[in-house]
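Chemist: Residues 50 to 187 (the working numbering) are what the sequence shown spells out, left to right.
All C-beta atoms, glycine included, are put in the ideal place defined by N, C-alpha and C.
Just so we're clear, the structure is a prediction, and the values are computed from it rather than from any experiment.
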Amino acid sequence: MKVPSWDGPLYGEGPPSARIAIIGQAPAGEEVLQKRPNVGPSGKFMKSLMAKADLNWRDCYLTNIAKVQPTLNEWKNLPWPVEKFVDILKEELQQLPNLNVVVLCGKIPLEVLGGKDSIENWRGSVLWSEKLGKKCIP
Numbered sequence: 050m051k052v053p054s055w056d057g058p059l060y061g062e063g064p065p066s067a068r069i070a071i072i073g074q075a076p077a078g079e080e081v082l083q084k085r086p087n088v089g090p091s092g093k094f095m096k097s098l099m100a101k102a103d104l105n106w107r108d109c110y111l112t113n114i115a116k117v118q119p120t121l122n123e124w125k126n127l128p129w130p131v132e133k134f135v136d137i138l139k140e141e142l143q144q145l146p147n148l149n150v151v152v153l154c155g156k157i158p159l160e161v162l163g164g165k166d167s168i169e170n171w172r173g174s175v176l177w178s179e180k181l182g183k184k185c186i187p
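Now the structure itself:
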């Protein structure tokens, strides 16, 4: 599917009272089309897993590290350095006064925000993110 270009950033969504933030890598085709995070296949899968765990995704804040779709959906093709996006993400999360924990969905969020690699070794662990100043769970 060819994705139309859209130059605006795609920020997260969720209630300001959210205690949980769920962070993915970057928006993909469907997210860009709908201008909403986590509405594509990966987001639908994540929401189904949350339902099985008796978590309502509408009570969480959903966002991505990158606020734009990388060219060819390749992380290395981001238009700006990743730290610029991390700064934007930190500002975004500061708007959530009740935020208790950040769920890192995937390898890239774990590496960038958790400072760890090999998600298989860390999945389900509680980590401290120096970059976010928050507890994180991959």
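Quick check: the segment 65 to 77 against the segment 105 to 120, are there 3 or more CB pairs under 8 angstroms?
Modeler: Touching, per the Cβ criterion.
Chemist: Do residue 150 and residue 69 have their CB atoms nearer than 8 angstroms?
Modeler: Against a cut-off of 8 angstroms, the Cβ pair of residue 69 and residue 150 comes out as a contact.
Chemist: Does the Cβ-Cβ distance between residue 65 and residue 145 come in under 8 angstroms?
Modeler: Taking 8 angstroms as the Cβ cut-off, residue 65 and residue 145 qualify as a contacting pair.
Chemist: Is the distance from the Cβ of residue 111 to the Cβ of residue 87 below 8 angstroms?
Modeler: A contact, by the Cβ cut-off of 8 angstroms.
Chemist: If you count every other CB in all the chains shown that lies within 10 Å of the CB of residue 163, and 16 or more means buried, which is it?
Modeler: Flag for residue 163 reads buried.
Chemist: With DSSP collapsed to three states, give me the class of residue 137.
Modeler: Helix.
Chemist: Excluding the five sequence neighbours on either side, which residues of its own chain have a C-beta within less than 6 angstroms of the C-beta of residue 52, listed in chain order?
Modeler: For residue 52, the pLDDT reaches just 39, beneath the cut-off of 50, and the residue's location in the model is therefore unreliable, leaving the point undetermined.
Chemist: From residue 185 to residue 179, what does the alpha carbon distance come to, in whole angstroms?
Modeler: Distance between the alpha carbons of residue 185 and residue 179: 10 angstroms.
Chemist: Tell me whether residue 57 is buried or exposed, calling it buried when 16 or more other Cβ atoms sit within 10 Å of its Cβ.
Modeler: The residue in question, residue 57, is exposed, as its Cβ has fewer than 16 Cβ neighbours within 10 Å.
Chemist: Taking DSSP as the reference, what is the three-state secondary structure of residue 183?
Modeler: DSSP places residue 183 in strand when its eight states are reduced to three.
Chemist: Whose C-beta lies closer than 8 angstroms to the C-beta of residue 85 among residues of the same chain, with five residues either side of it excluded?
Modeler: Hits under 8 angstroms: 59, 62.
Chemist: My assumption, with CB atoms under 8 angstroms, is that residue 161 sits in contact with residue 131. Please give the rounded CB distance.
Modeler: Rounded, the Cβ-Cβ distance is 6 angstroms, consistent with contact.
Chemist: Straight-line CA distance for residue 93 to residue 105?
Modeler: Near 13 angstroms, if we compare the C-alpha coordinates of residue 105 and residue 93.
Chemist: Rounded to a whole number of angstroms, what is the C-alpha to C-alpha distance between residue 157 and residue 96?
Modeler: About 19 angstroms.
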